[in-house]
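Right, one structure below, let's go through it.
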Amino acid sequence: MDDKLETIGETGLQFFGKMTASISHEIKNVLAIINENAGLLEDFTRMADGGVAIEPERLKALAQAVMKQISRADTIVKNMNRFAHSTDESLKTVDLNDTLELVVVLSNRFASMRSVTLEPKLQQSPVKIKTSLFFLMNLIWLCLDFAIDAAGDGKIVELATQKTDTETQICFRRLGGLAQAPLDTFPTEREQSLLGLLKAEVIVSPENNEIVLKLAGDIEGINKYNSFPFT
Amino acid sequence: MKTRVLLVDDEEQFVQALSERLALRDYDITTSLSGDDALKKIKRYNYDVVILDVAMPGIDGIYALREIKKMKPLTEVIMLTGQGTVETAIEGMKLGAFDFLMKPCNTEDLDTKIKKAQARKAEHEERIRAAKVSDIISSPRSVLKDD
């Protein structure tokens with residue numbers, strides 16, 4: 000295995016691990032809320048056994064709180080399932096809007112921990128590209144991770160998909176802290192390997208407070224790593 | 000006097016339900032939805048035990064723990080972690096946390112840990128009081144000294 004393949008494989012595995020660990024943390028939070036609400040019901044039952052009247056409205060509110068968390072967990076698991084299936088095919092035609100939306104959903108917790116809000120601005124019409132979905136998501140995440148640190152005082156990162164006749168791109172905007180960011184640390188070898196795999200280019204533009212990720216519309220047959228590591 | 004507990008977690012629904020359960024167990028509960036708010040409250044008021052989530056937006060649990068121990072060294076802290084591993088909780092214990100619990104937690108376990116934490120705080124306070132009394136008895140002029 001050459002160095003580039005090894006870097007891509009290692010980076011991909013780290014990405015998968017990071018995202019699934021975050022998802023498991025979110026699921027645990029949901030379980031913790033359900034657990035406390037169930038415990039509260041148990042407490043009320045004990046009190047009722049001791050002759051304390053429990054208002055039906057209180058029980059209704061508890062049931063609604065549990066249902067809300069079940070719905071939240073369902074969304075988390077659906078997104079986890081979409082993420083897991085991103086490895087199904089080495090090459091696939093995808094809508095970049097859907098892909099970016101999923102990366103944003105998976106990354107929201109990381110942004111929130113750094114007090115940053117992610118604001119996707121998706122193009123109205125589908126932005127179709129043929130690519131390696133999992134590695135594209137990995138590359139978007141690495142750019143986003145850097146962008147979150149470069150958000151500056153505004154604490155907002157805007158993510159936009161754009162497609163013209165000649166170009167397909169994702170813009171990470173409102174990066175007020177980009178001028179102060181350690182630009183010699185981005186893109187690193189990890190990002191460079193993925194950029195090569197996806198025939199993409201990243202342009203860091205402190206004067207415009209933005210990072211632009213330019214993507215090829217179809218990467219089939221343009222490099223030898225297309226089928227990695229799914230064959 | 001009721002044990003004064005500050006519950007700190009960014010999950011509002013979790014805080015609501017757990018605080019209600021602890022109030023039913025006769026604790027005097029205050030809640031915070033962020034590390035920043037918790038530190039402001041701890042600076043202003045005295046709590047016996049702080050139940051502190053490890054992973055929160057902004058000021059995280061480990062940073063908050065360090066600050067709590069600087070401000071109020073006798074206040075006992077129980078770390079709550081939603082992570083699957085205990086590394087952060089162990090780091091918290093090394094920094095002076097009394098104990099930790101993994102989410103979702105058993106409320107009876109939490110109840111027991113709060114009682115033990117409160118007992119340790121009371122014991123520390125009693126030792127400090129006894130040392131001061133002993134100091135005054137051996138050297139009555141010491142009461143004139145600044146603390």
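Chains as they are written, first to last, in numbering that gives the first Met the number 0: chain A, 0 to 230; chain B, 0 to 146. All residues carry an ideal CB built from backbone N, CA and C; glycine is no exception. Computed from a prediction, not measured in an experiment: that's the story for all the values here.
Roughly how many angstroms lie between the CA atoms of R126 of chain B and I136 of chain B, to the nearest whole one?
Cα to Cα, R126 of chain B sits roughly 15 Å from I136 of chain B.
Could you give the first and the last residue of the continuous alpha helix (DSSP H) run that contains E35 of chain A?
DSSP places E35 of chain A inside the alpha helix (DSSP H), whose first and last residues are 2-48.
Taking three-plus beta-carbon pairs below 8 Å as touching, is the segment 6-14 of chain B in contact with the segment 43-53 of chain B?
Touching, yes, given that three or more Cβ pairs across the two stretches are closer than 8 Å.
Start-end ranges of the beta strand (DSSP E) lying completely within the segment 47-120 of chain B, minimum 3 residues
Contiguous beta strand (DSSP E) elements confined to the segment 47-120 of chain B occur at 48-52, 75-80, 98-101, taking only those with 3 or more residues.
Answer yes if the segment 127-144 of chain A comes into contact with the segment 86-106 of chain A, meaning at least three C-beta pairs across the two stretches below 8 Å, and no otherwise.
Short answer: they touch.
Using a beta-carbon distance cut-off of less than 7 Å, what residues from the segment 29-45 of chain B approach chain A?
Correct list: empty, as no residue qualifies.
Residue-level contact to chain A via CB, T106 of chain B, 9 Å cutoff
Yes - at least one Cβ of chain A is within 9 Å of the one on T106 of chain B.
Is it buried or exposed, T80 of chain B, if we count other Cβ atoms within 10 angstroms and call 16 or more buried?
Of the other Cβ atoms in all chains shown, 16 or more fall within 10 Å of the Cβ of T80 of chain B; this residue is therefore buried.
Cut-off 6 Å between Cβ atoms - residues of its own chain near F145 of chain A, not counting five sequence neighbours on either side:
These residues qualify, in order along the chain: F185.
Quick one: list the residues of chain A neighbouring G57 of chain B, beta-carbon separation under 7 Å, in chain order.
Chain order gives the chain A residues near G57 of chain B as S114, where near means a beta carbon separation below 7 Å.
Kindly confirm or deny that the segment 101-110 of chain A and the segment 20-33 of chain A touch, where touching means at least three C-beta pairs closer than 8 Å.
Touching, yes.
When you compare each of A:D217, A:N36, A:P119 to E100 of chain A by their alpha carbons, which one comes out closest?
The residue with the shortest Cα to Cα distance from E100 of chain A is A:P119.
Those runs of the alpha helix (DSSP H) which lie wholly inside the segment 169-217 of chain A and span at least 4 residues
Complete alpha helix (DSSP H) runs here, min 4: 188-196.
For L12 of chain A, the nearest candidate out of A:R189, A:L174, A:K67, A:K27 (CA to CA):
For the residues A:R189, A:L174, A:K67, A:K27, the minimum Cα distance to L12 of chain A belongs to A:R189.
Proximity of A72 of chain A and I26 of chain A at Cβ, strictly below 9 Å
With a cutoff of 9 Å on beta-carbon distance, A72 of chain A and I26 of chain A are scored as near each other.
Checking 9 Å against the spacing of the C-beta atoms, do L174 of chain A and E200 of chain A come in under that value?
Between L174 of chain A and E200 of chain A, the gap from beta carbon to beta carbon reaches 9 Å or more.
Taking only three categories from DSSP, how would you classify K59 of chain A?
Reduced to three states, the DSSP call for K59 of chain A is helix.
Using a Cβ-Cβ cutoff of 7 Å, what residues of the segment 22-54 of chain A are near chain B? List them in chain order.
Cβ contacts with chain B: S23, H24, K27, N28, L30, A31, I32, N34, E35, N36, G38, L39, D42.
Which partner residues of L5 of chain B appear in the DSSP bridge assignment?
Beta-bridge partners of L5 of chain B (DSSP): B:T29, B:V49.
Which term fits T230 of chain A, buried or exposed, when burial requires 16 or more other beta carbons within 10 angstroms of its beta carbon?
Residue placement at T230 of chain A is poorly supported in this model, since its pLDDT is 43, which falls under 50; the coordinates are not used for a value here.
Rounded C-alpha distance that separates P55 of chain A from T87 of chain B
When rounded, the distance between both Cα atoms is 41 Å.
For my contact list, L94 of chain B and K112 of chain B are in at a C-beta cut-off of 8 Å; report their separation, rounded to the angstrom.
Contact between L94 of chain B and K112 of chain B is ruled out by a C-beta separation of about 17 Å, above the 8 Å threshold.
Using a Cβ-Cβ cut-off of 7 Å (strictly less than) and excluding sequence neighbours within five positions of L135 of chain A, which residues of its own chain qualify?
The residues T98, L197, in chain order, have a CB closer than 7 Å to that of L135 of chain A in the same chain once the five nearest residues on each side in sequence are set aside.
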